[in-house]
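Colleague: Chains A and B, in that order, give the protein sequences. Its first residue numbered 1, the first sequence is counted upward by one per residue in the working numbering. Its first residue numbered 89, the second sequence is counted upward by one per residue in the working numbering.
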Amino acid sequence: MVYIAVRIAATIPLGFAANSAADLAGLMIGIGLVGFTVLLVTIDQRRNGAPDLFPNLGVSRTRLAAVAAAPALLGEIVLALALVPPRV
Amino acid sequence: MSDAPALGPPILEADCVVKRYGERLVLKSGSVRAIPGLVIGLLGRNGAGKSTLLRIMAGSLAPDSGVVRVDGAGRLAVSLPWLADRGVFFFPDRDLLHPRVSVGMQLSWIGDRFHRTAAVRDVCELMGITAVLASKPRQLSGGERRRAEVACGLIRAPRVLILDEPLRGIAPLDAERILSALRAFARAGGAVVLTGHELPLLLPAVDRVTWCTAGTTREFASVAQAMGDFAFRRDFLPLR
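#1: Are A/Ala72 and A/Thr37 touching if we call contact CB-CB under 9 Å?
#2: Is the shortest distance between the beta-carbon of A/Val59 and the beta-carbons of chain B less than 9 Å?
#3: Hey, would you say B/Gly199 sits closer than 9 Å to B/Ile266, going by beta carbons?
#4: Please list the partners that A/Pro55 has in chain B, where partner means a Cβ-to-Cβ separation under 7 Å.
#5: What is the rounded straight-line gap between the Cα of B/Gly303 and the Cα of B/Ser229?
#6: Which parts of the region 104-179 of chain B are runs of the alpha helix (DSSP H), unbroken and 4 residues or longer, counting only runs that do not cross its ends?
#7: Quick one: what's got a C-beta closer than 7 Å to B/Gly192's C-beta in the same chain, skipping five residues either side?
#8: Compare the beta carbon distance of B/Asp295 and B/Ala274 with 9 Å and say whether it is the shorter of the two.
#9: Rounded to a whole number of angstroms, what is the C-alpha to C-alpha distance between B/Thr218 and B/Val106?
#10: Cβ of B/Pro254 less than 9 Å from any chain A Cβ?
#11: Tell me the DSSP secondary structure of B/Val189 in three-state form.
#12: Decide if the region 136-155 of chain B is in contact with the region 169-189 of chain B; the criterion is three or more beta carbon pairs, one per stretch, under 8 Å apart.
#13: Got a sec, what are the start and stop residues for the beta strand (DSSP E) B/Phe308 sits in?
#14: Within 9 Å (strictly less), CB to CB, does B/Pro180 reach chain A?
#15: Taking only the alpha-carbon atoms, compute the straight-line gap between B/Ala165 and B/Leu291 and give it to the nearest angstrom.
#16: Evaluate B/Met315 with the Cβ neighbour count: other Cβ atoms within 10 Å of its Cβ, from every protein chain shown; 16 or more gives buried, anything less gives exposed.
#17: Could you name the residues of chain A that B/Ile198 contacts, counting a contact when the two beta carbons are closer than 9 Å?
#18: For B/Val120 and B/His203, what's the separation of their Cα atoms in angstroms?
#19: What residues match up with B/Thr298 in a beta bridge as DSSP calls it?
#20: Going by alpha carbons, who is nearest to B/Lys138 out of B/Leu289, B/Ser310, B/His285 and B/Gly278?
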C-alpha cells in the first residue's frame, strides 16, 4: 500500500501555495492523495481485521487510520518536495 | 448470589433502544444494564437482537432511538473510544486481537496504555496463556485466543466488561476458566454483561438474566426466576 502510494506520489508534483491555477490543481491533487492514502489504510485495517482492540484503548478509527497512514504520507511529502523544481 | 456485595446503580445502561436494519426492525424496545457486582446474561434466540443491543450499549453501533446512560447521565450518542476512557471494555463476536502482532506485544500495549504493566504477568497466569505470549493470534487455538482476549480486558481493569458470545466454539474447560475469571471480576465490583447460547455453562455463572425476545427485553432478578417463567422456557429452552 505504501509502495503504491509513493509511486503515485512520485508522478505528481505537489503545489504548496495557490499562486496559480497549476499550483491550486497540484494542491487539490495532493489533498486528494492524502485522503486516498487514509482510505486505503482504513480498508487495509478492515480487511485484516482486529480494529476492535484499538477502540477499546480509547483510539478512534479516524485517529488510527491517520496514524497508520502517517509513514505513507511522509513518504509522499518527501518525494513530492524532491520532485518539485525549486522556485526562483 | 448471596456473597455478592451491595449493588450500586448501573454504570452503563441502554434504555428503550430501537434499531432497524433497512426494512427489518431488529429492536423495538431493548434495554440492558451493567450493574457493579453482577454478571448479567443477555439471552435469547438467534436474531433476537442481543448482539445489536450489546453493540449499541458499547457505542459500537448507533441506535435509531433510545438512550445510553453512563453513570446515570443520558447521552444520545456514544462511541466505544469515549466509553473506553470511562472504563468500558467490549468484546465483539469476532476476533479482538490483531492477527499479525504477538499476543504478548498487544497485552503490553494495554498494560502501558492504562498503567497496568505490573498486572500483565498475573493476568496471563490466571488465564493460562503465559506459554503463548510470543505467538501471533492466528497461531493459537480458538480457546487460547479467547482466553488471550479476556486477558486483554482484565489487564485493562475496566468498570464494565461487555462480551458478545465469549464461549462460542471453545472447549468447556476454556469456557469454565473464562467464566470463573468473569465471576471473580464481578465479585471485585466490576459489571459484566454477556451473551451466549451455552446454557449449561452460562446459567450457573450469571446472577441475572435479561431475556431478549421479539425485539424487546425482559429482566429477571435471578436465574431461578427466569427458569420459573413459562414463556422464557417455552421460547428459549428446548422442550424436555
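Every residue gets a Cβ at the ideal spot worked out from N, C-alpha and C, and that includes glycine. All of these numbers come straight from a predicted model, not from anything done at the bench.
Modeller: Taking the geometry as given:
#1: yes
#2: yes
#3: no
#4: Leu168, Pro169 and Ala172
#5: 34 Å
#6: 138-145 and 168-172
#7: Leu221 and Ala222
#8: yes
#9: 42 Å
#10: no
#11: coil
#12: yes
#13: Thr304 to Phe308
#14: yes
#15: 32 Å
#16: exposed
#17: Leu53, Asn56 and Leu57
#18: 30 Å
#19: B/Leu130 and B/Glu307
#20: B/His285
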